[in-house]
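Participant: There's a structure below that I have some questions on.
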Amino acid sequence: MNGSLVDSDGYPRSDIDVYQVRHARHDIICLQNDHKALMKKIEQGLQDLHQQSLPLADPNGTNVQVLDDLKPFAFFNRVDMGSPADIDGLSVNDEICKFGTVTAENFKCLSCIKEVVEHSKNKPIQVVIRRDGNMRLITLTPRNWSGPGLLGCNILPVKTNDSTEIVDR
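Taking the UniProt record's numbering, I'd label the letters of the sequence shown as residues 1 to 169.
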């Protein structure tokens, strides 16, 4: 895809059909752009669908009324001061029960959360956490800040009975 189409003298290479290669590269790039746009639409649609199933929060926007059926699948083991995660209200040891479209039922690995964060840069993500036994709805907006990453936190999976590789709290 990135190979040179001209020789060292600046002339079109004689061993390839430059027109066909440029045309094929253009088609591939267009398809990749279409794929990215479609994946963003799907992600947004899934977020909207799952958002409809969330119960309403109380007036202060933090305590969720009925979410006892959600199980935690990960937790924050580090939240940097002044980071988007810190500013938006997350704390160390908050257990993640829902992160955008990711729940315990569809959580496979941390890359699921990474994909949600990357697709939601500068867009709010609804995160349901359990803190001190209470469920809370947090709106987290991944964004650039002075530290590394878009959130400024570290997330680890919760140990389950069917996995020995996951970190035990």
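Ideal placement from N, C-alpha and C gives every residue a C-beta, glycine not left out. Predicted, not measured: the structure shown is a model, and the values here were computed from it.
Counting pairs of beta carbons, one from the region 68-82 and one from the region 144-156, are three or more of them closer than 8 Å?
Facilitator: Yes: at least three Cβ pairs fall under 8 Å.
Participant: Just the Cα atoms here: how many angstroms apart are SER8 and MET1?
Facilitator: The residue labelled residue 8 in the question sits at position 8 within the sequence shown. The residue labelled residue 1 in the question sits at position 1 within the sequence shown. About 18 Å.
Participant: Check each candidate in PRO157, VAL117, ARG131 and name the one with the smallest Cα separation from GLN44.
Facilitator: Along the sequence shown, read from residue 1 onward, the residue named residue 44 stands at position 44. GLN44 has its Cα closest to that of VAL117, out of PRO157, VAL117, ARG131.
Participant: Using the Cβ count rule (16 or more neighbours within 10 Å means buried), how would you classify HIS26?
Facilitator: Taking the first residue of the sequence shown as position 1, residue 26 is located at position 26. Exposed, by the Cβ-count rule.
Participant: Taking DSSP as the reference, what is the three-state secondary structure of ALA24?
Facilitator: Indexing the sequence shown from 1 puts residue 24 at position 24. Helix, per DSSP.
Participant: Please go through the UniProt domain "PDZ" (58-133) and give each complete alpha helix (DSSP H) segment of 4 or more residues, from N-terminal end onward.
Facilitator: Listed in chain order, the complete alpha helix (DSSP H) runs (minimum 4 residues) inside the UniProt domain "PDZ" (58-133) are 84-87, 110-119.
Participant: Between the alpha carbons of LYS121 and ILE138, how many angstroms are there, rounded?
Facilitator: Taking the sequence shown and counting its residues from 1, one reaches residue 121 at position 121. Taking the sequence shown and counting its residues from 1, one reaches residue 138 at position 138. Distance between the alpha carbons of LYS121 and ILE138: 16 Å.
Participant: Ordered along the chain, which non-local residues of its own chain (more than five positions away) have a Cβ less than 8 Å from that of GLU125?
Facilitator: As a working mapping, residue 125 is identified with position 125 in the sequence shown. Contrary to the premise, residue 125 reads as Ile rather than Glu in this sequence. Contacts found: GLN47, PHE99, GLY100, VAL116, VAL117, THR139, LEU140, THR141, PRO142.
Participant: What residues match up with ASN2 in a beta bridge as DSSP calls it?
Facilitator: Position 2 of the sequence shown, counted from the start, is the residue given in the question as residue 2. Its beta-bridge partners do not exist; DSSP assigns none.
Participant: Following the continuous beta strand (DSSP E) through ASN154, name the residue where it begins and the one where it ends.
Facilitator: Residue mapping note: residue 154 aligns to position 154 of the sequence shown, counting from 1. Residues 153-157.
Participant: Let me know the secondary structure DSSP gives LEU31 once reduced to three states.
Facilitator: Taking the sequence shown and counting its residues from 1, the one referred to as residue 31 is at position 31. Reduced to three states, the DSSP call for LEU31 is helix.
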